[in-house]
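First residue of the sequence shown? That's 16 in the numbering used here, and the numbers climb one at a time after it. Backbone N, C-alpha and C define an ideal beta-carbon position, used for all residues, glycine too.
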Amino acid sequence: MKAIAILAMLSSLTCAATAALAEENKFDGKIAIEANVANTDEHTGGELGIGYRLSYGRVHLTPYVGAFIHGKDNDRYSEETSKGSTTCRDNETGRNVSTSKCDFTTADAYGKLEATVTAYKFSNSPSGIDIGGGVRFDKNSADPYAALGVNATSSIAVRANIGKDYWAAGLHCAF
């Protein structure tokens, strides 16, 4: 089912790409950095990624690798606050333990492959609107998503990715 969604997305991008290439055919490559608030696998956290944005006219293909930083589930330890003091308790033994055991922050690797088209360019400006889609890979799944971006300048964009089991919103920079 995901393969069908990916193929449908790629075929629609091909139609848009054909129109964009007819207008502008300049090849370019830039390092891309993304910083997003994201939700995947029922965890909310932050994505920090780096990629390489390949552009041909208004068509862009960007592979990314990065880290999804989020809180992990841990039923054994819990933080308790009493009279303004916070302690970490081992729920199996009932004893107080080092506060480092209650730090549930973790980072999971991810990869993405994203294809977009600059569908609209503001007159006499490098700014525009990108539409497209991609697939996000992590240790648990491959999640297709739709992408929408508003380019504030030729190198800074506000982006949103929305899929069935994944969403993200944040800033993307290319230089």
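Let's test the definition: count the other Cβ atoms within 10 Å of the Cβ of residue i and tell me whether it reaches 16, buried, or not, exposed.
{"i": "A47", "result": "buried"}
{"i": "A124", "result": "exposed"}
{"i": "V74", "result": "buried"}
{"i": "F190", "result": "exposed"}
{"i": "D88", "result": "exposed"}
{"i": "A167", "result": "exposed"}
{"i": "Y67", "result": "exposed"}
Would residue i and residue j qualify as a contact pair, given that the criterion is a beta-carbon distance under 7 angstroms?
{"i": "A157", "j": "V165", "result": "no"}
{"i": "L69", "j": "G81", "result": "no"}
{"i": "G126", "j": "F152", "result": "yes"}
{"i": "I65", "j": "A122", "result": "no"}
{"i": "Y135", "j": "Y160", "result": "no"}
Assuming residue i and residue j make a contact with CB atoms under 8 angstroms, what is their CB distance in whole Å?
{"i": "R147", "j": "E129", "result": "A small fix is needed here, since residue 147 is Gly in this sequence, not Arg. Going by Cβ atoms, the distance from G147 to E129 rounds to 7 angstroms, so yes, they are a contact pair."}
{"i": "D145", "j": "A172", "result": "7 angstroms"}
Give the straight-line distance between the Cα atoms of residue i and residue j, rounded to the nearest whole angstrom.
{"i": "T55", "j": "Y71", "result": "31 angstroms"}
{"i": "S169", "j": "V132", "result": "14 angstroms"}
{"i": "E49", "j": "S138", "result": "26 angstroms"}
{"i": "A20", "j": "N176", "result": "For A20, the predicted structure reports a pLDDT of 45, less than 50, and the residue's modelled location is therefore unreliable. A value from the coordinates is still provided. A20 and N176: Cα-Cα distance of roughly 15 angstroms."}
{"i": "K179", "j": "Y92", "result": "32 angstroms"}
{"i": "L76", "j": "K45", "result": "11 angstroms"}
{"i": "D90", "j": "C103", "result": "12 angstroms"}
{"i": "G99", "j": "N111", "result": "16 angstroms"}
{"i": "L163", "j": "K116", "result": "39 angstroms"}
{"i": "H187", "j": "S97", "result": "42 angstroms"}
{"i": "A53", "j": "F42", "result": "31 angstroms"}
{"i": "N51", "j": "G86", "result": "15 angstroms"}
{"i": "G61", "j": "E95", "result": "25 angstroms"}
{"i": "E107", "j": "G143", "result": "56 angstroms"}
{"i": "T114", "j": "E57", "result": "25 angstroms"}
{"i": "S140", "j": "T120", "result": "42 angstroms"}
{"i": "K154", "j": "D105", "result": "29 angstroms"}
{"i": "P78", "j": "T101", "result": "43 angstroms"}
{"i": "T191", "j": "D118", "result": "Because residue 191 is not part of the residues shown, which for the chain are 16 to 190, the question remains open."}
Worksheet item: Taking the runs of the beta strand (DSSP E) that are 3 residues or longer, which of them lie wholly in the segment 96-156?
Response: Within the segment 96-156, the complete beta strand (DSSP E) runs of at least 3 residues fall at 100-105, 120-136, 143-152.
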